[in-house]
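Residue numbers (this note's numbering): 56 to 390. Just so you know, even glycine gets a beta-carbon here, dropped at the ideal spot from N, CA and C. Keep in mind that this is a model prediction, so the values were computed, not measured. Okay, so here's the structure we're looking at.
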Amino acid sequence: MTTNHQFELYEQIEDISGLPPIRNVPDQQLRHHRSRKKLINEQKNTELYELEEKENQFNFSYGASKHEKAWINDSLFDFYRQSWIDDIIRLIKGGGKEASVYQCLANPSAPYEFIAAKVYRPRKFRQLRNDSLYREGRIHLDDEGHEIRDDRALHAIQKRTNFGKRLLHTSWIEHEFQTMSKLHKAGANIPEPFASGNNAILMAYVGWEDTAAPTLNSVRLDHEEARKLFDKAIENVEIMLSKNCVHGDLSAYNILYHDGEICLIDFPQAIDPLVNRNAHAIFRRDIIRLCEYFQSQGINCEPIKLADQLWKKHGFELGPNVDLRLLEPVFVDTD
Ligand SMILES: Nc1ncnc2c1ncn2[C@@H]1O[C@H](COP(=O)(O)OP(=O)(O)O)[C@@H](O)[C@H]1O
Ligand SMILES: [Mg+2]
Numbered sequence: 056m057t058t059n060h061q062f063e064l065y066e067q068i069e070d071i072s073g074l075p076p077i078r079n080v081p082d083q084q085l086r087h088h089r090s091r092k093k094l095i096n097e098q099k100n101t102e103l104y105e106l107e108e109k110e111n112q113f114n115f116s117y118g119a120s121k122h123e124k125a126w127i128n129d130s131l132f133d134f135y136r137q138s139w140i141d142d143i144i145r146l147i148k149g150g151g152k153e154a155s156v157y158q159c160l161a162n163p164s165a166p167y168e169f170i171a172a173k174v175y176r177p178r179k180f181r182q183l184r185n186d187s188l189y190r191e192g193r194i195h196l197d198d199e200g201h202e203i204r205d206d207r208a209l210h211a212i213q214k215r216t217n218f219g220k221r222l223l224h225t226s227w228i229e230h231e232f233q234t235m236s237k238l239h240k241a242g243a244n245i246p247e248p249f250a251s252g253n254n255a256i257l258m259a260y261v262g263w264e265d266t267a268a269p270t271l272n273s274v275r276l277d278h279e280e281a282r283k284l285f286d287k288a289i290e291n292v293e294i295m296l297s298k299n300c301v302h303g304d305l306s307a308y309n310i311l312y313h314d315g316e317i318c319l320i321d322f323p324q325a326i327d328p329l330v331n332r333n334a335h336a337i338f339r340r341d342i343i344r345l346c347e348y349f350q351s352q353g354i355n356c357e358p359i360k361l362a363d364q365l366w367k368k369h370g371f372e373l374g375p376n377v378d379l380r381l382l383e384p385v386f387v388d389t390d
């Protein structure tokens, strides 16, 4: 990768400029040696200059506003420097206070031509008032995905100081990344996650060169395809359950439709039924919403019955009946 290459270059330049004085060498040979050294130096300097340019700025083709540009640079610059992405092509969705997802041109060393970058607005999670519904039993993760054990940090999180809020923000993102990694490994139909940072996640881009895949809610299916995709969706729900995971915001709005296949997205609020007492109720709501779409496409299903069947099949205890309205995420304006 570039970083190694970069170190090598620095080392070579140090080697060249640090060559000991040449003694007892005929003049002609010395001149040849010096001009070769000069040439190598010039070549290396140009390459180094280009690397330094890359080190200091990320100029991308997407026409972002001044503030968005600064925000993108803060969130994606490291991925650019680490040669994950070479350019940002377009905003797929976002703006405002939500997360924004960008289509990026991948560096040739990456496994795909395009990469999707999900960048979080600082306020995204701060405004979720009833986040404890989802966070129950969850450990807090730092920016390297390790559990936060430091008392001072845990105290800051508990007291919701500014420092604590920043830690929580990172923890949501790491949680999404780890959930995606786990589910992708288990064979779920989700974009392969590549890397996470303080404020963003890189994952496989789903779509075509000039447009991203639509979300399922905007797609009309014929009966045969609806049946096939419904079965596929339930298969994915079962993979999640087998990994102790409930999506937590499953609906046709968080499923991409591409080349006749589905791809589940948007996992920060995913919960573990083994530690979260709201899991069964949240799972029921997921299945109700999923079924709502497929019912509108002509599929017959009984969501609550189906949810409870799946729940028991995977060995989980049925939870109390909760008014589903209490589970709705409540956002408050903190500005
Ligand atoms: N990997 C991806 N490839 C293509 N488009 C994506 C991808 N991930 C997300 N999107 C698009 O970005 C939108 C927002 O992403 P999502 O993860 O659902 O975040 P939010 O929390 O804002 O709902 C999605 O509705 C979808 O249109
Ligand atoms: Mg979403």
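Note on geometry: alpha-carbon atoms of C300 and A241 lie some 12 angstroms from one another. Taking 7 angstroms as the cut-off, one finds at least one heavy atom of ligand 1 near enough to the beta carbon of L311. Here the alpha carbons of K220 and D378 stand approximately 29 angstroms from one another. S226 counts as buried, since no fewer than 16 other beta carbons sit within 10 angstroms of its beta carbon.
Taking the C-beta atoms as reference points, A250 is found nearer than 8 angstroms to W139. When C-beta atoms of the segment 362-370 are compared with those of the segment 327-343, three or more pairs fall below 8 angstroms, so the two segments count as touching.
For K173, DSSP records a beta bridge to V156, I256.
According to the DSSP secondary-structure assignment, Y312 is paired through a beta bridge with I317.
Closest option to R190, judged by alpha-carbon separation, among L329, K367, R344: L329.
For A281, the enclosing alpha helix (DSSP H) stretches over residues 278-297. In this structure the segment 244-264 lies against the segment 118-135, because at least three pairs of beta carbons, one per stretch, are closer than 8 angstroms. Between A171 and I147, the beta carbon gap of about 7 angstroms places them in contact (Cβ cut-off 8 angstroms). The nearest non-hydrogen atom of ligand 1 is less than 7 angstroms from the C-beta of G262.
Taking the CA atoms as reference points, I320 sits about 26 angstroms from L373. According to DSSP, S251 shares a beta bridge with I256.
Contact check for K173 against M295 fails: the beta carbons are separated by 8 angstroms or more. Shortest gap from the CB of Y308 to any heavy atom of ligand 2: under 7 angstroms. Between Y312 and V274, the CB-CB gap stays under 8 angstroms. Here the distance from the Cβ of E123 to the nearest heavy atom of ligand 1 is not below 7 angstroms.
Between ligand 1 and A267, a heavy atom-to-CB distance of less than 7 angstroms is present. Where D142 is concerned, the enclosing beta strand (DSSP E) starts and stops at 140-148. For L365, the three-state secondary structure derived from DSSP is helix. Note on Y348: 16 or more other CB atoms within 10 angstroms of its CB, so buried under the neighbour-count rule.
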